[in-house]
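Numbering (my numbering), first residue to last: 29 to 1044.
If you want it as structure tokens, here you go:
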């Protein structure tokens, strides 16, 4: 980055914006187990508008439009006919910036008859036909021009009018009004809309009557395609209420789309009967930069490099005598923590800072040198205004143009650096993107009051205490509501075989602690002692010796230090009314040192569990060398085998309510004892679970501490391990239902020739399972528990499955571990979801492509889009090519955006230059990786047994081939067990002989890229 004015005259910035990253290993960008952290809906597209509702005339008049950009859309059903009524209606309101009208039914000769005072009229009319037509009235106080390239008529498809409004010291605003001819070809319309509104680099608003019901109650695919087209071009609908309401129908066919996310937007529907379409409006309150003060404050640690160096110096000089003076790990840890916090507070004190909203002037890429150059530019401009000569004008413009280039380059370099730093941190990536697109994500603010038991709580301390009481009561409340079945004693311990071996906790070494600390993610979230993992990693070498002593004493005495048992909880808003405690979820932050001690125990527990094979082979959650994709693979293979055998297959997808919060501690400890966790290990776990507390932290206020009586600690390292051992016996409880588990995500499966008998069997098994859940204090959410009847057989008779007295819902598509599984296993539902998600992510690339360089766009592709393309692609990607073609087209669109290519630019050279695999090759790579694991016996046993080496009586070529199973149905042919074997057997021997899976992937990818080159 440039940091001096002198560099303005020295640097050559040509071609600096066309650098590319070469050869990034795509495994660094794999989606996480649940694929939720990269979801754009959770990070950027939530709460885009402030309001959308119906408004009477009086209600609308109360909206403050001063200083805002406002737009109103009317479907006039003949502007000439309804002109006077519309004009009279508008006179009662403040002046709109733009009034858009569709179905004007005008011709060029009649435009002069429908002028409005204070507005200039622009129209696009049908040629040689009646009906249709669009118009824009623009406030004459604004500066504007018509854009001919985006103003067009296509017979029997659409009309569009577009104008650009010039805004001083901000981006110009482009407004388009569109009318789609009813019954016209949606494919042609979508393609034209995609062409008209691609590559948007200004504030754009598209309104009109699209004659497409965006409520889409019938789930029409072409309607979804239209929505996705708008999303992929960064245009988002603001109207969510029906705009045409009759006695028989209620449809949303008029709308206002925008690519402006940074503004405060009020949008709604006006109640008016001039035509059968209700007028719609939107008001953009911050299209120009506004600075607002917030009288808020935060505490910030004075953590400079010098302060940390001084802290390290004092830590190095510590003898830790008080720690070593006691064998009690509780007292030793208290002495350790007290010394550390005192030194931390001394060298890195907390200071109170009042915060303000960042405005457009807060641009970190503007260095001191550039700021000085900006002042110089202003001086040159003042000189020019004073002298007004050609020489001063040229001097000013040359300096301004070069300065603009350098500012743009610095801005791109700044954001590229941030994205590079956060490429492995999805939350950090979203923070950067919100900074670019929305001028920084608005700070989540809690409302001034909450309601509880019909009373209002407004005092901060009371709110914090009420939050804490609510959170700690959820688990016990659910557990207490469960009624034990009459045969409860039958389920107690009978399904867990008593392991005669016992867990021995070996001592801890300094090197082991250091290795564990460096394996943790570098997070800045602070625990109750205001310590984060960044600090721990920085000072671990200086504190490892006393920490090792505390850990060893903890294990040798079976005591978990008390001060490690207090959790700091942050409430995070989910959705709904902000004043309701039920609409928040708790994020629990435990002591950083607790995580270290837990991880040490987990390593010893995992080793013991694996050695004695204690966990079900169908449990994939929180286990090494197992993943969600493996769990989905097992389920799909079982279902496809049933379809292959002409059987009915029933899958039941269980949803548990707050499963981690309702676990009974005594039951858990009893189960663990039977598994072999006895003696000191048992005492340590009992100490770990007992006497735990938490407090809620909101708005710099801490609640009182409350005791946790149920569940495993949220946010802990050990908690998930304890949970999977708690439910491990499920597979032993059932006789005919097979289960596939990923922590609390439970899917059950059964098949048979007779559907009625099969449903009765499933019902009987579910009754047994319900009793087991009740005994173990786990609550089934019956409303969210669903079942699917898989296969191609017609089911003409009504089907019913009950759990207890409640009939669960039969569905045709459900989500399991981030994948939408449908009853035909054709993956169309999942692909439709992918289209929507990827379209929205492409919209982000569009919006920021002028603010970042191409390297940054490449990073974002790998961080956000590639995980969607690669997650479980070996399962859904082997479907028919026609099904995945729309996803491939979106991938090509993303590649064009990254490379700043034209709309129809050939993509093969771009895939080569960016070293990116095409979707169908991505399918092959991930399929081949599973086959490599199968060939090298690296899969879990339940998957490994699907793949057998081909036997031959002669020592000939083929010893590295897998045996291909017979498959009659297309469903089975598309599965890994068949498609994967075909692919593997066709690979070169040299590739199959790769020493490591990393080397295998690298060589495979190089071979594919080389094939692309042969196409050139």
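The C-beta atom is built at its ideal place from N, Cα and C for all residues, glycine as well.
The C-alpha of residue 774 is placed about 7 Å away from the C-alpha of residue 767. The C-alpha of residue 900 is placed about 12 Å away from the C-alpha of residue 957. The Cβ-Cβ distance between residue 656 and residue 770 falls below 8 Å. With fewer than 16 other Cβ atoms from the protein chains shown falling within 10 Å of its own Cβ, residue 969 counts as exposed. In this structure residue 506 touches residue 807 by the C-beta definition: roughly 5 Å separates them, less than 8 Å.
By the Cβ neighbour-count rule, residue 1011 is buried, with 16 or more other Cβ atoms within 10 Å of its own.
Under the three-state reduction of DSSP, residue 544 is assigned to helix. The C-beta distance from residue 739 to residue 688 rounds to 6 Å, short enough to meet the 8 Å contact threshold. Fully contained in the segment 709 to 751 is no alpha helix (DSSP H) run of length 4 or more. Under the three-state reduction of DSSP, residue 911 is assigned to helix. Shown here for residue 729: same chain residues with a beta carbon closer than 7 Å to its own, the five before and five after excluded, namely 488, 489 and 492 in chain order.
Nearest to residue 240 by alpha-carbon distance, out of 229, 215 and 343, is 215. The alpha-carbon of residue 530 is positioned some 39 Å away from that of residue 346.
For residue 504, there is no enclosing beta strand (DSSP E); the enclosing alpha helix (DSSP H) has its first and last residue at 488 to 509. In this chain, the alpha helix (DSSP H) harbouring residue 883 covers 882 to 888. Under the Cβ criterion (8 Å, minimum of three pairs), the segment 621 to 634 counts as touching the segment 532 to 542. Residue pairing for residue 835: DSSP places it in a beta bridge opposite 830.
Across the set 212, 231, 176 and 213, the C-alpha of 231 shows the shortest separation from the C-alpha of residue 198. Note that the C-beta distance between residue 921 and residue 887 is not below 8 Å.
The three-state secondary structure of residue 585, taken from DSSP, is helix. Taking C-alpha positions only, residue 873 is separated from residue 753 by approximately 43 Å. In this structure, 1009 is the residue among 1009, 1000, 1004 and 999 with its C-alpha nearest to the C-alpha of residue 991.
Using a C-beta cut-off of 8 Å, the segment 168 to 175 makes no contact with the segment 210 to 227, since fewer than three inter-stretch Cβ pairs fall below that distance. In this structure the segment 577 to 588 does not lie against the segment 390 to 406, because fewer than three pairs of beta carbons, one per stretch, are closer than 8 Å. Distance between residue 544 and residue 361, taken at the CA atoms: about 19 Å.
In this structure, 878 is the residue among 264, 722, 459 and 878 with its C-alpha nearest to the C-alpha of residue 441.
Considering only 1033, 313, 482 and 605, the residue with the shortest C-alpha distance to residue 92 is 313.
Beta-bridge annotation (DSSP): residue 174 is paired with 191.
Membership of residue 825 in any beta strand (DSSP E) is not indicated, and neither H nor E is assigned to it by DSSP. Here the alpha carbons of residue 684 and residue 792 stand approximately 19 Å from one another. Residue burial is scored here from C-beta neighbours: residue 162 has at least 16 other C-beta atoms within 10 angstroms and is therefore classed as buried. In the DSSP annotation of this structure, the continuous segment of the beta strand (DSSP E) that includes residue 232 starts and ends at 231 to 237. Under the three-state reduction of DSSP, residue 259 is assigned to helix. When secondary structure is reduced to three states using DSSP, residue 933 falls in the coil class, being assigned neither helix nor strand. Excluding its 5 nearest sequence neighbours in each direction, residue 552 has C-beta neighbours in its own chain below 7 Å: 560 and 562, listed in chain order.
For residue 128, the beta-bridge partners assigned by DSSP are 101 and 164.
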